[in-house]
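Have a look at the structure below, then the notes.
There are 2 protein chains.
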Amino acid sequence: MPEEWKTIFVTGGAGYIGSHCVVELLESGYEVVAIDNFTNSVTGKNGESAALKRVEQITGKKVTFYNCDLIDREKLEEIFNKHKIHCVIHFAAIKAVGESMQIPLHYYRNNIIGAINLLEVMKAAGCFQLVFSSSCTVYGEPAHLPIKENHPTGNITNVYGRTKYFIEEMLKDISRAEEKWNIIVLRYFNPVGAHISGLIGEDPTKPFTNLMPYIAQVAVGHKSELTIFGGDYPTKDGTGIRDYIHVMDLASGHVSALDALRKQHVRLKIYNLGTGKGVSVLELIKTFEKVTGTKVPYVIQDRRDGDIVSMYADTSLARKELGWQSKYDVNQMCKDFWRWQSTNPHGYRSSLQNGTTKK
Amino acid sequence: MPEEWKTIFVTGGAGYIGSHCVVELLESGYEVVAIDNFTNSVTGKNGESAALKRVEQITGKKVTFYNCDLIDREKLEEIFNKHKIHCVIHFAAIKAVGESMQIPLHYYRNNIIGAINLLEVMKAAGCFQLVFSSSCTVYGEPAHLPIKENHPTGNITNVYGRTKYFIEEMLKDISRAEEKWNIIVLRYFNPVGAHISGLIGEDPTKPFTNLMPYIAQVAVGHKSELTIFGGDYPTKDGTGIRDYIHVMDLASGHVSALDALRKQHVRLKIYNLGTGKGVSVLELIKTFEKVTGTKVPYVIQDRRDGDIVSMYADTSLARKELGWQSKYDVNQMCKDFWRWQSTNPHGYRSSLQNGTTKK
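Chains as they are written, first to last, in full-length UniProt numbering: chain A, 1 to 359; chain B, 1 to 359.
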């Protein structure tokens, strides 16, 4: 790794996708300065990140970590003054779709002001290299499938997605205005799974409705059954279709994006990160049951307002331009998620409660 | 005016539209607490607003004024603690379209963070009544004419307009989330003209390309000729068409909006404020020359990228639901603007320079 590209600043580094990405960065030879405010992640006993401690255990490498909120611009500036940052990966965001509809101002403050602060501090520090975590939510209801990156954006059904869309638009504007910026926007489809070690994984700190953690909560016995919203959609088995992607594939997509930024001044490019395969809710449940040998009882209820029937990516652009494609299938996603969930039934708190790290 | 509706908080009160609206508010029996940060307006000798001093002269009433930036949330809170505010009219914004494309982050910081701070402080103070200054820019390139309020928004050609659109979307979200909010969004078409007294008017503090001030600058001899961008548009005379509205009509539209909010809990309503009449650039110039007896030499140059050919409002909704309609025609707009410009050739600075107020 060239010296002038060594240090990556990761916002939201203690979160689900952030922590998995940090593993991949460290293993690719990068050094990582990570921040998190622990909104979506668990603090260890000494104020450190429980997830990043596990990342250090996996990789045998150190992560420089700060408890910092992007709203605290001065602290952010201090960190940028202390380290020579070569590129930023901006994961940090509050992301609960349902909650975002209830407390929109809180979402706008955190996600939008956070992004503005970050961009200003980067500019002041002379750092113009950025990978931004966006989401397939920006597409709204698909006009065609699979979805290409040039599909219209903006007709979004929730506030969380709107914050991602607004930030994308701001990035386009700064990229048009100032040639120095070199930005890749990654639109994630549905990240699931966990690192193969079972040491890190998704550990929601808030009520959630994401399917895979929900399935796992039922399988592990914390919930009695799974609720499926809508069994009469015009799909192969009547349930909604999504493009689930293994979180380690997502992580490797970020390393590919860094490679692209390092090699070329792209100004601003947008890529879907998905597998390109649509998987139904029932298919995911069946695969999970088969792979893990568990039973996942479910009930089918009415459709929810605003839910999208079917959504999966056209991934050809990332394959062509980033040389990236997903490697893991749904079996692997379920197996890895289950390894994490079954050995850490209470997430990172499992080990914090009795003072030792379960392995 | 009922006591619980008496005090209106006006952001950007020293600006062009703000100051004219304050006249109308005072004359309708409201009390006004105004703030401004003097980005778009002129400071008097003692840090007061030159425009609002004139407003006091016109109305014989006092305006409570604070030099306050919406980015300074603490100061904003102090003002809300000091006064019992019943409703807010939010004009404050940076608004130079060209500049917004060059320094987008600055526009996002000011306009978006300013709005978030204001909404949070209002909520904390228990004030949920709001009139928001939006713009016909949110419609982008018109799909049909005249433009109704339900025309799609979001496909916007400049950063300034995008900040207005983002704030509109935030307002829709908070209104959906919290029933207490009572919001009217007013989408202005092209405000021109000045108060009939000639004491207040538009006094741009930055390079501008707005047509009417430009015409007047030529007429008053500060510029040698007017540049018209595009003379080969598919319009009656080849020049672009806009819906010019007298700023005092705009001001009375705000009083009508306050009436509507006072009478009914509308949650969120959006109204166009325009005359409904499309006027070409050449028509405006000819009218100006005729009404003022001046000559306005012009040259026609190539079209500018992103300029919209033709844009005028369907104003029937405001007429029906607010009982408001415009009263002044283009003759009056030119006459009043010229009265202001010719007696104040350097805007408010005209009187500040020699220490007296010209009348």
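For every residue, glycine included, the Cβ atom is placed at its ideal position computed from N, Cα and C.
Owing to the predicted nature of the structure, the values given are computational and were not obtained by experimental measurement.
Which word fits residue 10 of chain A, buried or exposed, when buried means at least 16 other C-beta atoms lie within 10 angstroms of its C-beta?
buried
Answer yes if the segment 295-312 of chain B comes into contact with the segment 236-254 of chain B, meaning at least three C-beta pairs across the two stretches below 8 Å, and no otherwise.
They touch, by the three-pair rule.
What do you get for residue 164 of chain A, buried or exposed, if any count of 16 or more other CB atoms within 10 angstroms of its CB means buried?
buried
At a cut of 8 Å, does the segment 46-57 of chain B reach the segment 95-109 of chain B through at least three beta carbon pairs?
Taking 8 Å as the limit for Cβ pairs, the verdict is that the segment 95-109 of chain B does not touch the segment 46-57 of chain B.
Of the residues B:285, B:268, B:126 and B:201, the one placed nearest residue 345 of chain B, counting alpha carbons only
B:201
Taking residue 183 of chain B and residue 132 of chain B to be in contact with their CB atoms under 8 Å, please state how far apart those CB atoms are, rounded to whole angstroms.
7 Å
Given this structure, state the Cα-to-Cα distance separating residue 301 of chain B from residue 337 of chain B, to the nearest angstrom.
25 Å
DSSP bridge partner residues for residue 186 of chain B (one or two, in chain order)
In DSSP, residue 186 of chain B forms a bridge with B:133 and B:271.
Nearest residue (CA-CA) to residue 209 of chain B, options B:195, B:227, B:220 and B:325:
B:227
In angstroms, rounded to a whole number, what distance separates the CA positions of residue 207 of chain A and residue 41 of chain A?
13 Å
Please tell me whether residue 314 of chain B has its Cβ less than 8 Å away from any Cβ of chain A.
Among the residues facing chain A, residue 314 of chain B is not included, as its CB has no counterpart in that chain under 8 Å away.
In the DSSP assignment, what residue or residues form a beta bridge with residue 36 of chain B?
B:67
Applying the 10 Å Cβ sphere with the 16-neighbour rule, what's the burial state of residue 86 of chain B?
buried
Quick one: grab the DSSP three-state call for residue 127 of chain B.
coil
Please state if the CB of residue 190 of chain A and the CB of residue 116 of chain A are separated by a distance shorter than 8 Å.
no
Please tell me whether residue 174 of chain A has its Cβ less than 8 Å away from any Cβ of chain B.
yes
Name, in chain order, the residues that DSSP records as bridge partners for residue 254 of chain A.
Answer is none; residue 254 of chain A lacks a bridge partner.
With a cut-off of 8 Å, does the C-beta of residue 162 of chain A fall near any C-beta of chain B?
yes
Cβ of residue 177 of chain B less than 8 Å from any chain A Cβ?
yes
Alpha carbon of residue 440 of chain B to alpha carbon of residue 324 of chain B, nearest angstrom
Within the shown structure, residues of chain B are numbered from 1 to 359, placing residue 440 of chain B beyond reach of any answer.
Taking 8 Å as the threshold (C-beta atoms), are residue 125 of chain A and residue 91 of chain A in contact?
no
Per DSSP, residue 191 of chain B forms a beta bridge with which residues?
Residue pairing by DSSP places residue 191 of chain B opposite B:245 in a beta bridge.
In its own chain, which residues sit with a C-beta less than 7 Å from the C-beta of residue 119 of chain A, not counting the 5 before and 5 after it?
Listed in chain order, the non-local C-beta contacts of residue 119 of chain A below 7 Å within the same chain comprise 174, local neighbours out to five positions each way being set aside.
Can you list, in chain order, the residues of its chain with a C-beta nearer than 6 Å to that of residue 21 of chain A? Leave out the 5 residues immediately preceding and following it.
Short of 6 Å from the beta carbon of residue 21 of chain A, and not among the five residues preceding or following it, lie these beta carbons of its own chain, in chain order: 251 and 254.
In chain B, which residues lie with their C-beta within 9 Å of the C-beta of residue 154 of chain A?
154 and 155
With 16 other CB atoms within 10 Å as the buried threshold, where does residue 195 of chain B fall?
With at least 16 other beta carbons inside 10 angstroms of its own, residue 195 of chain B counts as buried.
Looking at the secondary structure, which residues open and close the alpha helix (DSSP H) in which residue 341 of chain A lies?
330-343
Which residues share a DSSP beta bridge with residue 301 of chain B?
B:229
Cβ neighbours of residue 256 of chain B in the same chain (closer than 8 Å, five flanking residues each side left out)
Counting only Cβ-Cβ distances below 8 Å, and skipping sequence neighbours, we find 318, 322, 323 and 324.
What whole-angstrom Cβ distance do residue 88 of chain B and residue 127 of chain B have, given they're in contact under 8 Å?
7 Å
Selected residue, minimal CA-CA separation from residue 62 of chain B, among B:74, B:232, B:48 and B:69
B:48
Please identify, using Cβ separations under 8 Å, the residues of the segment 84-116 of chain B that lie next to chain A, in order along the chain.
101, 102, 103, 104, 105, 108, 109, 112, 113 and 116
Counting only the same chain and skipping the five closest in sequence on each side, list residues whose C-beta sits under 8 Å from that of residue 269 of chain A.
183, 184, 185, 260 and 321
By DSSP, does residue 357 of chain A sit in helix, in strand, or in coil?
Residue confidence for residue 357 of chain A is low, a pLDDT of 43 falling below 50, so the modelled location carries little weight; the figure read from the coordinates is stated next. Three-state result, residue 357 of chain A: coil.
Give me the subset of the segment 251-280 of chain A whose CB atoms are less than 9 Å from a CB atom of chain B, sorted by chain position.
none
Between the Cα of residue 213 of chain B and the Cα atoms of B:153, B:333 and B:258, which residue gives the shortest distance?
B:333
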